[in-house]
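Residues in the sequence shown are numbered consecutively from -2, following the numbering used here. Here is the structure we will look at.
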Amino acid sequence: MTPRRHTPCSDQSLRRGDPMYGTASAGSEWVLLELAGGWGPSAFMQSPAVVDPQLGRAIVRRVEGAKMRIAAIRRHGRRSTTPRWRWFVARAGIGSEALYCGEVDSPNDYLDLALDGSDGTPTSDPVVAVCAHGKHDQCCAVRGRGAIASIADAYPELAWECSHLGGDRFAATMLILPEGLCYGRVDSTDAVELVGLYLDGRLDNRYLRGRTSLPHAVQAAQHFARDKYGDDRIASLSPLTVEHTGHHHRVVLDGDSGPVEITLEEDWSEPLLSQCHAKVPGRVKIYHLVSMAPA
-2 MTPRRHTPCS DQSLRRGDPM YGTASAGSEW VLLELAGGWG PSAFMQSPAV
48 VDPQLGRAIV RRVEGAKMRI AAIRRHGRRS TTPRWRWFVA RAGIGSEALY
98 CGEVDSPNDY LDLALDGSDG TPTSDPVVAV CAHGKHDQCC AVRGRGAIAS
148 IADAYPELAW ECSHLGGDRF AATMLILPEG LCYGRVDSTD AVELVGLYLD
198 GRLDNRYLRG RTSLPHAVQA AQHFARDKYG DDRIASLSPL TVEHTGHHHR
248 VVLDGDSGPV EITLEEDWSE PLLSQCHAKV PGRVKIYHLV SMAPA
């Protein structure tokens, strides 16, 4: 008997038409650390050829203890036999965006890295990171590596592979720092064009999951407002007021012609497998537009 073929979670998500808006993983501050080499299911704790697991665990605990998001990064393609240990610290909050970069002599030095970025230098160049963490989820390997390959050809100094970002069913997923723009299904479009839009101060609302520094309801509200008004500027539609009552959210955004009030209904999806290795279907939060009008 021929075993039933497994359908990747990203293929299932595409068939269902899962909405991507309002799904960006939370993170107002990010620490990205270079780990050049093969990653296990956990880049920091299960990649002994790259970093000692106990050291990796200590690094993760330190960063997460500071309430910051951590991810491993590496360059795409053939890697140097002499590893480098580059790092980035990003602040993604609206109005306080900043990105710092530097390099240390060994991964042990990551334990002493100043988490405010003061050990490095400010940089105006963004980080464009695409999840290619195949040992975590096969969709990230299949879809992510194709997307990062094209971006690396066009923007080699900006492009990095990164470890798990969340939202495997939306692979290929991409994070642009310091703004914390989180994209999904970037292999379904011209990923290079998405980077070009960013460098022009714009975004593509079709593939944007949201800004990581904003609550999910605000991410969803911005999506609906951009869809209606056609505003693709990264800096537009900042939240002015956010209220949550029961299953409803009231979000007021700063529009060009005055505040825009958006009411959303919070709901749950049908049970689904959100990752390729998930065994039990679960429900995920979704948002429906109830109303939108000048405030």
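Heads up, the beta-carbon is just placed ideally off N, CA and C, and yes, glycines get one too.
Minimum Cα-Cα distance from SER160 among the listed residues ALA214, TYR284, ARG13, LEU30 corresponds to LEU30. Per the Cβ contact rule, the stretch 229 to 238 is not in contact with the stretch 34 to 42 (fewer than 3 Cβ pairs under 8 Å). Distance from the Cα of ARG71 is smallest, within the candidate group ASP122, LEU194, PRO153, for PRO153. Per DSSP, HIS246 is one residue of the beta strand (DSSP E) stretching across 245 to 252.
Among the bridge pairs identified by DSSP, ASP264 is matched with ILE283.
For the pair TYR18 and ALA217, the CB atoms are nearer than the 7 Å cut-off. By the Cβ criterion, the stretch 235 to 245 is not in contact with the stretch 53 to 65, since fewer than three pairs of Cβ atoms, one from each stretch, lie closer than 8 Å. Between GLU258 and the set GLY74, ARG280, ALA290, LEU286, the nearest pair of CA atoms involves ALA290.
The C-alpha of ARG81 is placed about 7 Å away from the C-alpha of ALA33.
Burial state of SER121 is exposed, judged by a 10 Å Cβ sphere holding fewer than 16 other Cβ atoms.
A residue is called buried once 16 or more other Cβ atoms fall within 10 Å of its Cβ, and THR238, having fewer, is exposed. In this structure, the beta-carbon distance from SER210 to GLY90 falls below 7 Å.
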